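Enquirer: Position 73 of the sequence shown, counted from 1, bears residue number 73 in UniProt numbering, the numbering being contiguous throughout.
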Amino acid sequence: MTIDTGSCQFENTPMYFTSISGDADHYLLVGVNAIYKATRNDFLISVFSSSGESADTLMAWSAQYNWNVNWFGVLP
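Shown next as structure tokens:
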């Protein structure tokens, strides 16, 4: 998923840090901290299930368990 950071108006590409929060089962996710294609306006994370659930199941759980991507960016 692409995380839009454009509203932060970073002058350069920051160092991004991420986590997932929610009510349940977000501990099953892997890839949360693997950040790809970072720019000053966005970055990409690819999240997978450690126990093999499908993307459709993960999307349903994300709504059911109120999963959120938490992130912040720090300029070097």
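Backbone N, C-alpha and C fix where the C-beta goes; we use that ideal spot for every residue, glycine too.
Predicted model, so just to flag it, every value in this text is computed and none were measured.
#1: According to DSSP, is Y27 helix, strand or coil?
#2: Go ahead and pull the three-state DSSP assignment for S7.
#3: Which residue wins for smallest C-alpha separation from M1, given the options M15, F48, Q9, P14?
#4: Could you tell me whether the stretch 4 to 16 touches the stretch 47 to 64, where touching means 3 or more Cβ pairs closer than 8 Å?
#5: Within 7 Å: the Cβ of N66 and any heavy atom of the ligand FMN?
Expert: The structure says:
#1: Here Y27 sits in helix by DSSP.
#2: Look at S7 here: in three-state DSSP terms it is helix.
#3: Considering only alpha carbons, the answer is F48.
#4: Segments in contact, no.
#5: What this structure holds is no ligand at all, so the ligand FMN is not there to describe.
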